[in-house]
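**Student:** The structure follows.
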Amino acid sequence: MKKYLSFVVKGIVLVVIFAFLSLCLTQPSYGTEFEDLVSLYESKEAGESDGLKLQERLLQQAPKDMSQYDMWESLFNKDLNDEKRASIALRLISELFPQGDPALWSSIEGLWIPQMVPKPLAALDAVYVAIGSLLSMDEKGAPWLARSLFLRLYESREARIYGIRTAPVEVANIIEKIKTKAPLAPLGGWPTPNMVGNLPFACKIYGYISVDTALSYNMTFLDSMGRPRGGSGLYAWDRARGRIYIVRSGPSEDEIWSPF
Numbered sequence: 000m001k002k003y004l005s006f007v008v009k010g011i012v013l014v015v016i017f018a019f020l021s022l023c024l025t026q027p028s029y030g031t032e033f034e035d036l037v038s039l040y041e042s043k044e045a046g047e048s049d050g051l052k053l054q055e056r057l058l059q060q061a062p063k064d065m066s067q068y069d070m071w072e073s074l075f076n077k078d079l080n081d082e083k084r085a086s087i088a089l090r091l092i093s094e095l096f097p098q099g100d101p102a103l104w105s106s107i108e109g110l111w112i113p114q115m116v117p118k119p120l121a122a123l124d125a126v127y128v129a130i131g132s133l134l135s136m137d138e139k140g141a142p143w144l145a146r147s148l149f150l151r152l153y154e155s156r157e158a159r160i161y162g163i164r165t166a167p168v169e170v171a172n173i174i175e176k177i178k179t180k181a182p183l184a185p186l187g188g189w190p191t192p193n194m195v196g197n198l199p200f201a202c203k204i205y206g207y208i209s210v211d212t213a214l215s216y217n218m219t220f221l222d223s224m225g226r227p228r229g230g231s232g233l234y235a236w237d238r239a240r241g242r243i244y245i246v247r248s249g250p251s252e253d254e255i256w257s258p259f
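First residue of the sequence shown: 0, per numbering that gives the first Met the number 0; consecutive thereafter.
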């Protein structure tokens, strides 16, 4: 009986395939769309293979004697070319993310001391700087490697909330470039971020602010490990102005900036 059912199912599948192919052959537009889709998937396979080779080469070129903080700071050095910037960003990704996988963003915790910079936010910087640099490079596989990094980050629920659905203005341009240069859309389509502030995500924690003021300006709270969290936290991240404060009870005592 099982063999009979299996035979019937296989027969139905073959009929559907033949029907689809016949439709493609009799309807020129369907045939063209099918051929375009096949060509796009072939480009994806080749591009991702080239992207992995490029990633390996860039990682080998990255400096071996820089601290993580120095690597993060250098990402925004305007004197670096795209290849150098991408190599440093990829090296930082490999060190900050478990297994070098952006999908594991929620596992990153802690601050760089004594600079007081949250590693989780710096990790988002590393991913987006890597993607942006790759998209500006004239290298085989670079756009598909950029796409892969973005989609791996998108796999993290927390990263989607704090790093994609709400993101710096530069991220919208990055997504548009991916759609143009590596145009195979993920399931559900490409996200449209709510744009707030500018890169970098991370900055030094400096100054003090009250809980009430942080709430009134719709700031994002960070816990003691520098991770964005709902509710309240030890730090308040002012995404619009690119600042992170220590949260204290009572009135704000910010002697460094006076934005309020």
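For each residue, glycine too, the CB sits at the ideal point set by N, CA and C.
Mind listing, in chain order, the continuous beta strand (DSSP E) runs of no fewer than 3 residues lying wholly within the stretch 62-124?
**Tutor:** none
**Student:** Write down the C-beta distance between Trp143 and Glu47 rounded to the nearest angstrom, noting that I regard them as a contact closer than 8 Å.
**Tutor:** About 5 Å; that satisfies the 8 Å criterion.
**Student:** Return the first residue and the last residue of the beta strand (DSSP E) that Asp237 is part of.
**Tutor:** Its beta strand (DSSP E) spans residues 234-237.
**Student:** For the ligand NAD, I want to know if Gly162 counts as a neighbour, meaning its beta carbon is within less than 7 Å of at least one of the ligand's heavy atoms.
**Tutor:** Absence of the ligand NAD is noted for the structure shown, with no ligands found whatsoever.
**Student:** In the DSSP assignment, the alpha helix (DSSP H) including Arg151 goes from what residue to what residue?
**Tutor:** 141-153
**Student:** Pick from Asp237, Leu51, Val170, Pro113: whose alpha carbon is nearest that of Ser86?
**Tutor:** Leu51
**Student:** Which whole-angstrom value is the C-beta distance of Leu89 and Leu57, which I expect to be below 8 Å?
**Tutor:** 5 Å
**Student:** What separation, rounded to the nearest whole angstrom, lies between the Cα atoms of Leu110 and Glu169?
**Tutor:** 24 Å
**Student:** Pairing CB atoms from the stretch 170-188 with CB atoms from the stretch 222-229, are three or more of them under 8 Å?
**Tutor:** no
**Student:** Quick one: residues in its chain with C-beta nearer than 7 Å to the C-beta of Glu94, no 5 flanking neighbours on either side, listed in chain order?
**Tutor:** Gln67
**Student:** Buried or exposed: which applies to Ile112, given that a residue is buried once 16 or more other Cβ atoms fall within 10 Å of its Cβ?
**Tutor:** exposed
**Student:** Hey, Val116 and Cys202: beta-carbon distance below 8 Å or not?
**Tutor:** yes
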